[in-house]
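Peer 1: Would you mind keeping the following structure in view while I ask a few things?
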Amino acid sequence: MTARRKSGILISGRGSNMAALIDACKAPDFPAEISVVISNRADAPGLERARSDGIATAVVDHRQFDDRPAFEEQLDRTLRDHGVEIVCNAGFMRLLTEFFVQKWYNRQINIHPSLLPAYTGLHTHERILQDGVRITGCTVHFVRTEMDAGPIIAQAAVPVLTTDTPDTLADRVLAAEHAVYPLALRLVAEGRARVVGDKVVLDCGDHATEPLYSPPITQICAVPAGSQS
Ligand code: GRF
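Start counting the sequence shown at 29; every next residue gets the next number (my numbering).
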């Protein structure tokens, strides 16, 4: 197998997507490895999980820097110190400026809990329920300076149930996030997700539908036996 691509994960909190990436990298044939997990908050629970897996961690606290460029320089330096080639944002709650985005252009990916370009920003699940949307999901995309925007690598579709609360919907979407983020990292690490113009062109060989997870319609709304005419 060719060398595994060294990856760094940026977190701010719980780190369940981080954990999904760490776990995926344990497979011997996975094309990436996690070299460092960096949090902008020292109390992020994800840091402890990373440490328990023997992964190097670092805290780059944005409040200890005079301005965004100084913060981002330290982030960048820490990633480079660990030989990072691909950056994965996983619940990282700082907006990044052009300075950082350019340094990691097409080498930095993010996961967002909606089917982008719909529902960028925070409180996605509340807004989706308010709007009566029937299908939502999650998206992994390359990072651009505009929030939750950039060429889309992979998406997963998730049904919205009439009984859902923001929490139950968030749990269902999160389960999809944990499946789709490792898939997207694999595609990027293998060089199978190339940015052409403002879109991603995928080389999926015989698995053309791989980057889209979608529940079968029967699972969303099972038709009772005998009711079809
Ligand atoms: C996830 O829903 C992710 O899509 C969003 O922030 C949340 C982070 O959760 N960007 P976790 O820290 O990965 O558990």
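For each residue, glycine too, the CB sits at the ideal point set by N, CA and C.
Are L211 and A221 closer than 8 Å when you measure CB to CB?
Peer 2: Mapped onto the sequence shown, residue 211 falls at position 183. Mapped onto the sequence shown, residue 221 falls at position 193. Taking 8 Å as the Cβ cut-off, L211 and A221 do not qualify as a contacting pair.
Peer 1: Assign D176 to buried or exposed, taking buried as 16 or more other Cβ atoms, counted over all protein chains shown, within 10 Å of its Cβ.
Peer 2: As a working note, residue 176 is residue 148 in the sequence shown. It counts as buried.
Peer 1: On the three-state DSSP scale, how would you describe A301?
Peer 2: Given a span of 29 to 257 for the chain in the structure shown, any question on residue 301 remains unanswerable.
Peer 1: For my contact list, L144 and I180 are in at a C-beta cut-off of 8 Å; report their separation, rounded to the angstrom.
Peer 2: On the sequence shown, position 116 is the one that residue 144 refers to. On the sequence shown, position 152 is the one that residue 180 refers to. So it is a contact: roughly 6 Å between Cβ atoms.
Peer 1: Is the beta carbon of I66 less than 8 Å from the beta carbon of S35?
Peer 2: Your numbering for residue 66 matches position 38 in the sequence shown. Your numbering for residue 35 matches position 7 in the sequence shown. Taking 8 Å as the Cβ cut-off, I66 and S35 do not qualify as a contacting pair.
Peer 1: Any idea if T152 is buried or exposed, counting beta-carbon neighbours within 10 angstroms, 16 or more meaning buried?
Peer 2: On the sequence shown, position 124 is the one that residue 152 refers to. Buried, because 16 or more other Cβ atoms sit within 10 Å of the Cβ of T152.
Peer 1: Beta-carbon within less than 7 Å of S255's beta-carbon, same chain only, minus the 5 sequence neighbours each way: which residues are those?
Peer 2: What you label residue 255 is simply residue 227 of the sequence shown in a count that begins at 1. Only weak support is given to the placement of S255: the predicted model assigns it a pLDDT of 49, under 50, and the value that follows is read from those uncertain coordinates. For S255, where only same-chain residues beyond five positions count, there are no Cβ hits under 7 Å.
Peer 1: Output needed for R162: all residues of its chain with C-beta closer than 6 Å, excluding positions within five of it in sequence on either side, in chain order.
Peer 2: Within the sequence shown, residue 162 is the residue found at index 134, counting from 1. If we look at R162 and ignore the five residues flanking it on each side, its Cβ neighbours are V188.
Peer 1: Indicate, with yes or no, if the ligand GRF has a heavy atom lying under 7 Å from the CB of S35.
Peer 2: To locate residue 35, count along the sequence shown from 1; it is residue 7. False, no ligand heavy atom lies under 7 Å from that Cβ.
Peer 1: Pop quiz: A118 and I50 are said to be a contact at Cβ under 8 Å. What is the actual Cβ separation, rounded to whole angstroms?
Peer 2: The residue given as residue 118 occupies position 90 in the sequence shown. The residue given as residue 50 occupies position 22 in the sequence shown. In fact, because the Cβ distance is near 10 Å, the residues do not count as touching under 8 Å.
Peer 1: Nearest to V186 by alpha carbon, out of E205, I137, A146 and T164?
Peer 2: Numbered from its first residue, the sequence shown carries residue 186 at position 158. Among E205, I137, A146 and T164, the Cα nearest to that of V186 is on T164.
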